[in-house]
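Trainee: Its first residue numbered 13, the sequence shown is counted upward by one per residue in the numbering used here.
Glycine included, C-beta positions come from ideal geometry on N, C-alpha and C.
As the structure is a prediction and not an experimental result, all values here were calculated from the model.
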Amino acid sequence: ASNVTGSAFAVQEVFRFIGLEREFHTVVIPGNKMERLISDPSIRGVTLTGSEAAGRSVAKLAGQNLKKCVLELGGSDPFIVLADADVQKAARTAAQARCINSGQSCIAAKRFIIESSIAESFIEAFAAALKDLKVGDPTSENTEIGPLARDDLRSDLHDQVQRSVQEGARLILGGEKKNGKGYFYETTLVSTDSAYNVALQDETFGPLAAVIQAKDPDDAVEIANNSRFGLGGSLWTSDLD
C-alpha cells in the first residue's frame with residue numbers, strides 16, 4: 013500500500029540479503045506503472061492481496077492480456093460457536109482472532125455466530141476478553157492492539173459502528189475513537205438480531221466484532237453463508253463427529 017512502502021523495501025532487503033537477484037523480486041513504486049507491467053509479455057501471471065476495487069482493476073488488466081490471475085480480496089470470516097463448545101476458551105480465542113493486526117486483516121474472524129442457548133454467557137466472556145486486550149505502542153512487545161493504518165480508515169470504521177447501531181444493533185463495548193497520538197479505536201462489540209446489519213454485511217477493518225444468535229447449527233451455517241465474502245471460517249464444538 014502507498015502508505016507503507018517501507019514494508020515492501022524491507023522485504024526486498026531480506027531477499028537481497030539471502031542472495032536473490034533482482035530477477036526474483038523487485039519493488040516497483042508508484043502503482044501507476046502496474047498497467048504497463050501486467051501488459052508486458054515477460055509477465056506470465058498476476059496475483060494480488062488487496063481490496064475489491066484493486067482486485068477488479070487487476071483482474072480487468074489480466075483478462076485483457078490473457079494472463080493467469082489469483083486474487084485474495086476482502087473477507088468477513090464467520091466464527092461459529094455451538095452450544096456444546098467450551099465458551100470461555102472460544103471467547104478468549106475470538107478476541108485474539110478478531111483483533112490480530114489491530115483488526116486490520118482480511119482473514120480475521122469478524123462475524124461471531126453463537127447458538128442462542130449460550131449466547132449470553134459467550135457475549136459476557138467475549139466482552140471481558142476484548143476489554144482485557146492491551147492497547148498501545150505497536151513497537152512494544154506487551155501491546156496487543158495498535159493504531160489503525162490511517163485516519164480515514166478509523167473514520168470509516170466509526171461510521172460502520174454508528175450505522176450498525178442505527179440499524180438496531182446493541183452497543184456492548186467501545187464504539188469511540190481514542191484520543192491521543194495515533195489512529196486508535198476502542199475495542200468494540202455489537203450484538204444484532206439481523207443478518208443484514210452493516211456490521212455483518214460489510215468488511216470491517218478494525219477492532220469491531222459483531223455477534224448474532226443462531227437457533228441451531230443449521231441456522232448458524234445459513235447465517236455464515238449470508239455474505240458475499242469468502243476466505244475462511246471456524247466452528248467451535250466438542251462433538252468431533
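Find out if the Cβ-Cβ distance for the pair I224, I125 is shorter than 8 Å.
Mentor: What you label residue 224 is simply residue 212 of the sequence shown in a count that begins at 1. What you label residue 125 is simply residue 113 of the sequence shown in a count that begins at 1. Their beta carbons are under 8 Å apart, which means I224 touches I125 by this criterion.
Trainee: Does the Cβ-Cβ distance between K146 and E153 come in under 8 Å?
Mentor: By 1-based counting over the sequence shown, the position of residue 146 is 134. By 1-based counting over the sequence shown, the position of residue 153 is 141. Taking 8 Å as the Cβ cut-off, K146 and E153 do not qualify as a contacting pair.
Trainee: Rounded to whole angstroms, what is the Cα-Cα separation between K122 and S114?
Mentor: Along the sequence shown, one-based indexing puts residue 122 at 110. Along the sequence shown, one-based indexing puts residue 114 at 102. Their Cα atoms are separated by approximately 12 Å.
Trainee: CB D251 to CB D96, shorter than 8 Å?
Mentor: What you label residue 251 is simply residue 239 of the sequence shown in a count that begins at 1. What you label residue 96 is simply residue 84 of the sequence shown in a count that begins at 1. Yes.
Trainee: DSSP state of F36, grouped into three classes?
Mentor: Position 24 of the sequence shown holds residue 36. Correct three-state label for F36: coil.
Trainee: Starting from S54 and walking both ways along the alpha helix (DSSP H), at which residues does that stretch end?
Mentor: The count along the sequence shown starts at 1 and reaches residue 54 at position 42. Segment: none, S54 is in no alpha helix (DSSP H) and carries neither H nor E.
Trainee: Which word fits R48, buried or exposed, when buried means at least 16 other C-beta atoms lie within 10 angstroms of its C-beta?
Mentor: Numbered from its first residue, the sequence shown carries residue 48 at position 36. R48 comes out exposed.
Trainee: Compute the Euclidean distance between the alpha carbons of Q256 and L201, then round it to the nearest angstrom.
Mentor: This structure leaves residue 256 out entirely; the chain is present only between 13 and 253.
Trainee: If we ignore side chains and look at the alpha-carbon of each, how far apart do A209 and T61 end up?
Mentor: What you label residue 209 is simply residue 197 of the sequence shown in a count that begins at 1. What you label residue 61 is simply residue 49 of the sequence shown in a count that begins at 1. Rather than Ala, the amino acid found at residue 209 in this sequence is Asn. When rounded, the distance between both Cα atoms is 26 Å.
Trainee: So who's on the other strand from D89, going by DSSP bridges?
Mentor: Looking up residue 89 in the sequence shown gives position 77. BP columns for D89 point to A121.
Trainee: Could you tell me whether the region 210-219 touches the region 166-181, where touching means 3 or more Cβ pairs closer than 8 Å?
Mentor: yes
Trainee: Are the Cβ atoms of S232 and S203 separated by less than 8 Å?
Mentor: Within the sequence shown, residue 232 is the residue found at index 220, counting from 1. Within the sequence shown, residue 203 is the residue found at index 191, counting from 1. Note that residue 232 corresponds to Ala in the displayed sequence, not to Ser. No, these two residues do not count as a Cβ contact at 8 Å.
Trainee: According to DSSP, is R240 helix, strand or coil?
Mentor: Position 228 of the sequence shown, counting from 1, holds the residue named residue 240. Reduced to three states, the DSSP call for R240 is coil.
Trainee: At 4 residues or longer, and completely inside the region 207-252: list those alpha helix (DSSP H) runs for me, N to C.
Mentor: 210-213, 229-237
Trainee: Under the three-state reduction of DSSP, which class applies to L1: helix, strand or coil?
Mentor: Lying before the first or after the last residue shown, residue 1 is absent from the chain, which here runs from 13 to 253.
Trainee: List the endpoints of the continuous beta strand (DSSP E) containing L185.
Mentor: In the sequence shown, the residue the question calls residue 185 occupies position 173. If you look at L185, you'll find it in the beta strand (DSSP E) that goes 182-185.
Trainee: Quick one: residues in its chain with C-beta nearer than 8 Å to the C-beta of R56, no 5 flanking neighbours on either side, listed in chain order?
Mentor: As a working mapping, residue 56 is identified with position 44 in the sequence shown. The answer, listed in chain order, is K79, K80.
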